[in-house]
Amino acid sequence: MDTSYQRLVASDADLLADFLINGEWPFHGPAALDRDTIRQRVFDGFYDGDESWTFWIVEGGERVGLIRLFDLADVPEGGAPLFDLRVDSAYRGRGLGGQALAWLTGYLFTEFPDLRRIEGTTRQDNRAMRRTFLSNGYVKEAHYRDAWPGTQGHVHDAVGYAILRRDWLSGATTLPDWNDEAPAT
Ligand SMILES: CC(C)(COP(=O)(O)OP(=O)(O)OC[C@H]1O[C@@H](n2cnc3c(N)ncnc32)[C@H](O)[C@@H]1OP(=O)(O)O)[C@@H](O)C(=O)NCCC(=O)NCCS
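Be aware that the sequence shown starts at 205, since it is given in my numbering, and climbs by one per residue.
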């Protein structure tokens, strides 16, 4: 695959609006964004600024996906960045999402040498994203019941994953110690 990752620039605002408005994002909540809001967000630095950087996933010259890295301003204080990863529906299931997660993980750990962990949260029924996390060495660390508003009043559970720098470096997968409750006295 001929895949590259290109930083979003302000003049991409309309391309970004086309990508977000025309795409199918069943796991991104009920609120669809309109073009003016997306343009304004680009102008305000929501996609590229002190807090966030955004990259197109480009394959064969086509913009087929998007990676938004955020909470970056917290990293020097020890915080973990988060990300939003989207592949256009016509290009899903071909390995692009997995490849993009591997790329962004390496990119963040390289850009921020003191970064210890990267986090991601998704809806419980987002099977593709959950597989993508696991295939890239991310480990489930959290399960939030009734935490993700859906449509028509439904709520979903949310699940949180993370990868540690030390696991990324070694290729090992270390698990949280779930059996750490103190025994009843
Ligand atoms: C989630 C997403 C980024 C995955 O990207 P993708 O290019 O479709 O995924 P890949 O082809 O790289 O496959 C990654 C893994 O998911 C699995 N997978 C892909 N589609 C799947 C599906 N519909 N159901 C279950 N598993 C699926 C693959 O088999 C693969 O698993 P493996 O590594 O164990 O073999 C993509 O489907 C997407 O953009 N979805 C909509 C946006 C979204 O929900 N983003 C996540 C926001 S938190």
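Every residue, glycine too, gets a C-beta built ideally from N, C-alpha and C. Every value quoted in this text rests on a predicted model; they were computed, and no experiment measured them.
Determine the DSSP secondary structure at residue i, reduced to helix, strand or coil.
i      : result
Thr389 : coil
Asp350 : strand
Thr309 : helix
Arg296 : coil
So residue i is in the beta strand (DSSP E); what residue range does that whole segment cover?
i      : result
Phe287 : 286-291
Thr326 : 321-327
Asp371 : It is not in any beta strand (DSSP E) - Asp371 instead sits in the alpha helix (DSSP H) that spans 369-374.
Can you pull the DSSP bridge partners for residue i?
i      : result
Trp229 : DSSP output for Trp229 lists no bridge partner at all.
Tyr209 : Ile261
Ala362 : Arg327, Tyr348
Arg272 : Thr258, Asp288
Compare the C-alpha of residue i against each of the options and name the closest.
i      : options                        : result
Val279 : Arg267, Trp260, Met333, Glu255 : Glu255
Asp288 : Arg298, Leu300, Ala277, Arg272 : Arg272
Val291 : Ala284, Gly282, Gly301, Tyr251 : Gly301
Trp352 : Thr326, Gly375, Glu266         : Thr326
Thr258 : Gly297, Leu237, Gln210         : Gln210
His347 : Phe316, Gly253, Pro380         : Pro380
Arg320 : Ala386, Trp372, Asp206         : Trp372
Leu312 : Asp329, Gly283, Gly297         : Gly283
Val262 : Val363, Leu212, Gly253, Ile225 : Leu212
Thr251 : Pro230, Ala221, Trp229         : Note on identity: in this sequence residue 251 is Tyr, with Thr being the wrong assignment. The shortest Cα separation from Tyr251 among Pro230, Ala221, Trp229 belongs to Ala221.
Gln356 : Ala294, Ala235, Gly265         : Ala235
Glu315 : Val246, Arg369, Gly364         : Arg369
I need the boundaries of the alpha helix (DSSP H) containing residue i, first residue and last residue.
i      : result
Gln244 : 239-248
Comparing the C-beta of residue i with each C-beta of chain C, is any distance below 8 Å?
i      : result
Pro353 : Of the protein chains in the structure, only one exists, and it is not chain C.
How do the segment 302-314 and the segment 330-349 stand: do at least 3 beta-carbon pairs fall below 8 Å, yes or no?
yes
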